[in-house]
Amino acid sequence: MKLTEQLTDQQWRERLTDEQYRVTRLKGTEYPFSGELLHNEQAGSYHCVCCGAELFSSTTKFDAGCGWPSFYQALEGRVKYQSDTSHGMVRTEIMCANCDAHLGHVFTDGPAPTGNRYCVNSVSLTFSDKTE
Numbered sequence: 652m653k654l655t656e657q658l659t660d661q662q663w664r665e666r667l668t669d670e671q672y673r674v675t676r677l678k679g680t681e682y683p684f685s686g687e688l689l690h691n692e693q694a695g696s697y698h699c700v701c702c703g704a705e706l707f708s709s710t711t712k713f714d715a716g717c718g719w720p721s722f723y724q725a726l727e728g729r730v731k732y733q734s735d736t737s738h739g740m741v742r743t744e745i746m747c748a749n750c751d752a753h754l755g756h757v758f759t760d761g762p763a764p765t766g767n768r769y770c771v772n773s774v775s776l777t778f779s780d781k782t783e
């Protein structure tokens, strides 16, 4: 679903589970090591749970040991970035460029070739198998 207009808060609440809503719309964080996509090693793509936009390829996923799915690169133009100074830290928040869903944060301690670690809440993603 490509969003051409913003949904109301009530519409988001109706579309998402309580946990999906808390993380993606209220900028929450799921518990580390709790997400169902953390250990997924299948070939395919990762999409925004809110709007379905394709965000990450499984070819860029790696085990960072941090407790959340991690990628070293997002698909071009699919993620937007915003400074996040909450919780007494300075971080870079990542959001779906299509619907503004909170995905997680990006850090500069990732592997080559980018050096980035996109630390993403599993609950903010869906997975599509490469064979689909």
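When you read off a place in the sequence shown, starting at 1, and then add 651, the result is the number in the numbering used here.
Note that CB positions come from ideal geometry on N, CA and C, so glycine has one too.
Helix, strand or coil at residue i [DSSP, three-state]
i      : result
Ser775 : helix
Gly718 : coil
Ser709 : helix
Gln724 : coil
Arg729 : coil
Thr655 : Caution applies to Thr655, whose pLDDT of 48 falls short of 50 and renders its modelled position unreliable; the model cannot decide the point.
Gly739 : helix
Gly766 : coil
Leu754 : strand
Asp621 : Residue 621 falls outside the range modelled here, since the chain spans only 652 to 783, and no answer is possible.
Residue range of the unbroken alpha helix (DSSP H) whose run includes residue i
i      : result
Tyr672 : Asp669 to Thr675
Arg742 : No alpha helix (DSSP H) holds Arg742; the beta strand (DSSP E) holding it covers Arg742 to Cys747.
Asp660 : Asp660 to Arg666
Residues that DSSP places opposite residue i in a beta bridge
i      : result
Tyr682 : Answer is none; Tyr682 lacks a bridge partner.
Proximity below 7 Å, CB of residue i to CB of residue j
i      : j      : result
Asn767 : Cys702 : no
Arg742 : His756 : yes
Ser773 : Pro720 : yes
Leu689 : Tyr697 : no
Thr777 : Val730 : no
Gln724 : Thr711 : yes
Phe722 : Tyr672 : no
Segment limits, beta strand (DSSP E) that includes residue i
i      : result
His698 : Gly695 to Cys699
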